[in-house]
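Report on the following structure.
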Amino acid sequence: MRSISGKFFVMLASTLLVSTLLLTSCTTDPTYSELGVDVRTFDLPPLDPSEGHYQLWFSYPDDPVSGKSTAVQHGDALYVSFGTFVVDQDGTVRGLDGGSPSFTIPAGYNPSLLNDAILTIEAPGDSDDTPSGRFLSGNFAGTSEQGVAVLKTNGNDAFGNAFDTLNLSGVYRLISLSTTATDDDAQGIWFVDLIGLASLKLPDMPTSRDNPNWTYESWLVRTVGGATEYISLGKFGEADTLDVNGAGPNAGSDPILLNAPGEDFVEGDIRLLNDGTYDVIVSLQPTGIVLNHPFYLLLKGPPVPKDLNPIETQPMTIAPGLPAIEITVDR
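Reminder that position 53 of the sequence shown reads as 381 in this note's numbering, one-by-one numbering, no gaps.
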């Protein structure tokens, strides 16, 4: 009887030990403390907290066997946030509270396994764990002691080569398309050449099905007495179609027979566009927030010359500025 009891005791103890080991192995992954991250920004477009904010995210590579992320904590989202911020008009980076921004990898994540990072544009108050429009992206590289990622618009998780390999260009022309009058051409602006063909050389939106929250928008920028006014000419996803507001709210009643973005100012808010006070811009705009000004300048024309002849075109060239972020992580 004693031997049976002894055997039972040994078996019970062994079972408890194995169960404890199994339970422990499943719930005690290596622990990692919260880790600060060094972030440097270059030429980011200004973004006011009332309009939205920037958010940085990192991810881990997928496990090719299980199809899961190799994050330390099981069941994590694909991307994990490690900081939010805004950018002032002078380029100063601030936290959402107006103070210095904080960039940290949350506790429980192995910095040696970081795969890539993205910068997104988020709406005011958006605090969910799903990234919105991806503006910049880049992969981590480096050594076992330090990882570095440089995020740019041409990152694979942003726009890829959409704005790199193409010769972005175009022309604009003063012409009013919504009226048959012959004396009001200086009251309209359209992105067409002299024979009426769409002139903007831009890739169709979205440039990637994984990054759909972007559109183009054309603008007039008027500066008088030190005050700047932004006049939207309309948003569009393809350069050879009318934009979303057609010839605009100040257009005439004649149908538009050309397929290109543009706008007329022949009724209501009448504008004479060759008075020497207007610039022309085509920008990239996030669709998840409301902006009453250009976000990222793609094309910029020369100021509309005073008394520009409507039978002349003006060139649009690539706007200066290469936004980027450099992220450094000590491993």
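All C-beta atoms, glycine included, are put in the ideal place defined by N, C-alpha and C.
Check                                                                                                                                                                                  : Outcome
Can you look up L442 in the DSSP assignment and give me helix, strand or coil?                                                                                                         : coil
Span of the beta strand (DSSP E) holding F463?                                                                                                                                         : 461-470
With DSSP collapsed to three states, give me the class of Q515.                                                                                                                        : helix
Considering only DSSP beta bridges, list what S387 is partnered with.                                                                                                                  : Y407, D444
Determine the DSSP secondary structure at Q417, reduced to helix, strand or coil.                                                                                                      : coil
Evaluate P452 with the Cβ neighbour count: other Cβ atoms within 10 Å of its Cβ, from every protein chain shown; 16 or more gives buried, anything less gives exposed.                 : exposed
Where does A486 fall in DSSP's three states?                                                                                                                                           : coil
What did DSSP end up calling T614 once you bin it into helix, strand or coil?                                                                                                          : According to the sequence as given, residue 614 is Pro; it is not Thr. In this structure, P614 counts as strand in the three-state DSSP scheme.
Do you know offhand how far Y437's Cα is from D658's?                                                                                                                                  : 13 Å
Quick check on Y360: does DSSP put it in helix, strand or coil?                                                                                                                        : coil
Using the rule of at least 16 other Cβ atoms within 10 Å of the residue's Cβ for burial, across every protein chain shown, is R537 buried or exposed?                                  : exposed
Would the stretch 563-576 and the stretch 624-631 be scored as touching if the rule is three or more Cβ pairs under 8 Å?                                                               : no
Exposed or buried, which one is A579 when buried takes at least 16 other CB atoms within 10 Å?                                                                                         : buried
Pick helix, strand or coil for P577, following the three-state DSSP scheme.                                                                                                            : coil
Less than 7 Å separating the beta-carbons of Q613 and T543?                                                                                                                            : yes
Assign G562 to one of three DSSP states: helix, strand, or coil.                                                                                                                       : strand
So what's Y624 in DSSP terms, helix, strand or just coil?                                                                                                                              : strand
Within a Cβ cutoff of 8 Å, which residues of the same chain sit near L626, ignoring the five residues on either side of it in sequence?                                                : F491, L496, L530, Y544, V610, S611, L612, I646, A647
Count the other C-beta atoms from every protein chain shown that fall within 10 angstroms of the C-beta of K598, then say buried if there are 16 or more, exposed otherwise.           : In the sequence under discussion, the amino acid at residue 598 is Ile, which differs from the Lys named in the question. Result: exposed.
Can you confirm whether the stretch 445-459 touches the stretch 380-388 when touching is taken to mean that 3 or more C-beta pairs between the two stretches lie within less than 8 Å? : yes
Between the C-alpha atoms of E591 and L561, what's the straight-line distance to the nearest angstrom?                                                                                 : 6 Å
In whole angstroms, what is the alpha-carbon distance linking I617 and E362?                                                                                                           : 31 Å
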